[in-house]
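Counting with the working numbering, you get residues 177 to 258 for the letters of the sequence shown.
Scroll down for the structure; my scribbles are underneath it.
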Amino acid sequence: MKLVQEIKAHSSKWIKTKGKKYKTFFWQDGYGAFSVSKENVYPVIHYIKNQRQHHKHAHYKDELIAILQKHKLDYDEKYIWE
Numbered sequence: 177m178k179l180v181q182e183i184k185a186h187s188s189k190w191i192k193t194k195g196k197k198y199k200t201f202f203w204q205d206g207y208g209a210f211s212v213s214k215e216n217v218y219p220v221i222h223y224i225k226n227q228r229q230h231h232k233h234a235h236y237k238d239e240l241i242a243i244l245q246k247h248k249l250d251y252d253e254k255y256i257w258e
């Protein structure tokens, strides 16, 4: 948790130096973390590189719930970010 807190704090300070449109930037509370098996590293890299295009068609919340359900992971929808 401390690592994520540090990353959020430093990246928030950094992005606010990148222009007026970022002056009000803030991170949401909490975070999600997932591990990736060795054989899935390249598909995940490909996904990350193309997520801007992908998210034009798929809403984040719907996609996250689908991933959680696919892998039979328990979740409470009140903790799923908008």
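By construction, the Cβ of each residue, glycine as well, lies at the ideal position given by its N, Cα and C atoms.
Keep in mind it's a predicted model, so treat the numbers as computed, not measured.
Rounded to whole angstroms, the separation of the alpha carbons of Trp190 and Tyr198 is 10 Å. The residues Val212, in chain order, have a CB closer than 8 Å to that of Val220 in the same chain once the five nearest residues on each side in sequence are set aside.
Phe201 and Glu253 have their C-alpha atoms roughly 25 Å apart.
Looking at the backbone, the Cα of His222 and that of Lys196 are separated by about 31 Å.
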